[in-house]
Amino acid sequence: MNFRSLTENLNLNELTGELRDGITETYASMMKSLRKNQKKKIRNLKRKKNRLENRFLKELEEERMKLKMEEEEMRKSLEEALEKQVETSKELIEMNKREKENRVIVEMIFDIARNWTDIDFWFSQILGMQEVLKSVEENSDEKEHKKGNSAAMIRHRMKKKADLIQRLHDSNIELVEKVLDSLKETLDFVVFGIEETNRNGLSVFLNSMMNIQFLTLDSEQLIDSGINQMKETVFEIRELLFQLPLYQLRPRKSIRQYLWDQIDSFDQSHSICF
Numbered sequence: 023m024n025f026r027s028l029t030e031n032l033n034l035n036e037l038t039g040e041l042r043d044g045i046t047e048t049y050a051s052m053m054k055s056l057r058k059n060q061k062k063k064i065r066n067l068k069r070k071k072n073r074l075e076n077r078f079l080k081e082l083e084e085e086r087m088k089l090k091m092e093e094e095e096m097r098k099s100l101e102e103a104l105e106k107q108v109e110t111s112k113e114l115i116e117m118n119k120r121e122k123e124n125r126v127i128v129e130m131i132f133d134i135a136r137n138w139t140d141i142d143f144w145f146s147q148i149l150g151m152q153e154v155l156k157s158v159e160e161n162s163d164e165k166e167h168k169k170g171n172s173a174a175m176i177r178h179r180m181k182k183k184a185d186l187i188q189r190l191h192d193s194n195i196e197l198v199e200k201v202l203d204s205l206k207e208t209l210d211f212v213v214f215g216i217e218e219t220n221r222n223g224l225s226v227f228l229n230s231m232m233n234i235q236f237l238t239l240d241s242e243q244l245i246d247s248g249i250n251q252m253k254e255t256v257f258e259i260r261e262l263l264f265q266l267p268l269y270q271l272r273p274r275k276s277i278r279q280y281l282w283d284q285i286d287s288f289d290q291s292h293s294i295c296f
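Residue numbering for the sequence shown follows the numbering used here, beginning at 23 and increasing consecutively.
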């Protein structure tokens, strides 16, 4: 191999080495730049991921707090509804208890009214017999013994009716005392739809019965002037009885049905959807 060829080969090798070195450096530089870009992208992706995670976590926390608040509101609403229902149930139970007590008192009032109606009827008959007795005793045309027998018979009948009136009155007095005691405490006219003003009327009606004395209706005193005062009292009580709307003491709808209507109304107005 001549010198020229050798020189050319050496130059070629040097050139190849330089080219190889240049390629290596270029590759290294490119790889370095690529890794740098990749790291930058990774950092950006991580930052983006962190931002997304933070945003997601924030939204998740907000949603969790929102659900917690809704649950708390629902719990409070449920507790309030249950407390109201418990309170309403207590009130309804108390109303039902009062209704039972009132029912007993109301029956007593009707018994008093029925007894007084009978007393009024028998007393009217006594007044009629009294007029007949006066007529018999004042009729001087009849024979004395016949007049005496008729008068005795009338007095006997009047005595029997007076005894009947006294028994009815005694029975009434026991009922009246119980009703008067309960009138201030348990008897609730509002529940039965009766105006409060009628409470006073009933009280006057009952007290008038307490004050009347039927014991004077005996055979010796039936013609006594005191019967006129008794007559006025009986008629006065009759008028008071007619004025009182006792029919309203028995409501068209039972209190029990009224209570259940109240419960149904409460359930509908406080219903909670889950």
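The C-beta atom is built at its ideal place from N, Cα and C for all residues, glycine as well.
- prompt: How about LEU224 and PHE132: do their beta carbons lie closer than 8 angstroms?
  reply: Here residue 224 refers to the residue found at position 202 of the sequence shown. Here residue 132 refers to the residue found at position 110 of the sequence shown. No, these two residues do not count as a Cβ contact at 8 angstroms.
For VAL226 and ILE127, believed in contact at Cβ under 8 angstroms, the rounded distance: For this step, residue 127 is matched to residue 105 along the sequence shown. For this step, residue 226 is matched to residue 204 along the sequence shown. That pair is no contact at about 17 angstroms.
task: State buried or exposed for GLU121, treating a residue as buried only when at least 16 other CB atoms are found within 10 Å of its CB.
output: Locating residue 121 in the sequence shown gives position 99, counting from the first residue. Buried, since its Cβ has 16 or more Cβ neighbours within 10 Å.
message: Does ASN161 come out as helix, strand or coil in the three-state DSSP assignment?
response: Within the sequence shown, residue 161 is the residue found at index 139, counting from 1. Reduced to three states, the DSSP call for ASN161 is coil.
message: Going by DSSP in three states, ILE148 sits in which element: helix, strand or coil?
response: Translated into the one-based positions of the sequence shown, residue 148 becomes position 126. ILE148: helix per DSSP, three-state reduction.
task: Look at ILE141 and HIS178 and say whether their C-beta atoms are less than 8 angstroms apart.
output: On the sequence shown, position 119 is the one that residue 141 refers to. On the sequence shown, position 156 is the one that residue 178 refers to. No, Cβ-Cβ distance for ILE141 and HIS178 is not below 8 angstroms.
message: Restricting to Cα atoms, I'd like to know which of ARG189, LEU155, LYS181, ILE187 is closest to ALA173.
response: Locating residue 173 in the sequence shown gives position 151, where the first residue counts as 1. Residue LEU155 is the option with its Cα nearest to ALA173.
query: Around the C-beta of PHE145, are 16 or more other C-beta atoms found within 10 angstroms, so that it is buried, or is it exposed?
result: Residue 145 sits at position 123 when you count from the first residue of the sequence shown. By the 10 Å Cβ count, PHE145 comes out buried.
message: Between ILE195 and MET232, how many whole angstroms is the CB-CB distance? I'm expecting something under 8 angstroms.
response: In the sequence shown, counting from the first residue as 1, residue 195 sits at position 173. In the sequence shown, counting from the first residue as 1, residue 232 sits at position 210. Yes, they are in contact, since the Cβ atoms of ILE195 and MET232 sit about 7 angstroms apart, within 8 angstroms.
task: Answer with buried or exposed for MET53, where buried requires no fewer than 16 other C-beta atoms within 10 angstroms of its C-beta.
output: Residue mapping note: residue 53 aligns to position 31 of the sequence shown, counting from 1. Exposed, by the Cβ-count rule.
message: For ALA135, tell me which candidate among LEU228, THR46, LEU100 has the shortest Cα-Cα distance.
response: Counted from its first residue, the sequence shown places residue 135 at position 113. Nearest option by C-alpha distance: LEU228.
Sequence-distant residues of its chain with Cβ nearer than 7 angstroms to ARG42 (five each side left out): Your numbering for residue 42 matches position 20 in the sequence shown. Closer than 7 angstroms at the Cβ level, and outside the excluded window around ARG42, lies no residue.
task: Please confirm whether SER193 and ASN250 have their CB atoms less than 8 angstroms apart.
output: In the sequence shown, residue 193 corresponds to position 171, counting from 1. In the sequence shown, residue 250 corresponds to position 228, counting from 1. For SER193 and ASN250, no; Cβs fall outside 8 angstroms.
task: Would you decide whether ASN263 is buried or exposed? Buried here means 16 or more other CB atoms lie within 10 Å of its CB.
output: Position 241 of the sequence shown holds residue 263. Residue identity check: residue 263 is Leu in the sequence provided, not Asn. Under this definition LEU263 is a buried residue.
query: How long is the line joining the alpha carbons of LYS106 and ASN76, rounded to whole angstroms?
result: Position 84 of the sequence shown, counted from the first residue, corresponds to residue 106. Position 54 of the sequence shown, counted from the first residue, corresponds to residue 76. When rounded, the distance between both Cα atoms is 44 angstroms.
- prompt: Is the beta carbon of PHE236 less than 8 angstroms from the beta carbon of ILE187?
  reply: Residue numbering aside, residue 236 sits at position 214 when the sequence shown is read from its first letter. Residue numbering aside, residue 187 sits at position 165 when the sequence shown is read from its first letter. Cβ distance < 8 angstroms, so PHE236 and ILE187 count as in contact.
field: Spatial distance of THR110 from GLU129 (CA atoms)
entry: In the sequence shown, the residue the question calls residue 110 occupies position 88. In the sequence shown, the residue the question calls residue 129 occupies position 107. Distance between the alpha carbons of THR110 and GLU129: 28 angstroms.
Contacts around ARG328, its chain only, beta-carbon distance under 7 angstroms, and the 5 residues preceding and following it disregarded: Beyond the ends of the chain as shown, which are 23 and 296, falls residue 328; an answer cannot be given.
field: Other residues of its chain near ILE259: CB distance less than 7 angstroms, five sequence neighbours each side excluded
entry: Looking up residue 259 in the sequence shown gives position 237. The residues are TRP138, PHE227, SER230, MET231.
- prompt: Taking the Cβ atom as the reference point for each residue, do LYS151 and MET180 lie within a distance shorter than 8 angstroms?
  reply: Position 129 of the sequence shown holds residue 151. Position 158 of the sequence shown holds residue 180. According to the sequence as given, residue 151 is Met; it is not Lys. It is a contact, given that the beta carbons lie within the stated cut-off.
Buried/exposed call for VAL108, threshold 16 Cβ in 10 Å: Here residue 108 refers to the residue found at position 86 when the sequence shown is read from its first residue. Classification of VAL108: exposed, given that the 10 Å Cβ count is below 16.
query: So what does DSSP say about GLN235, is it helix, strand or coil?
result: Position 213 of the sequence shown holds residue 235. Note: GLN235 maps to coil in three-state DSSP.
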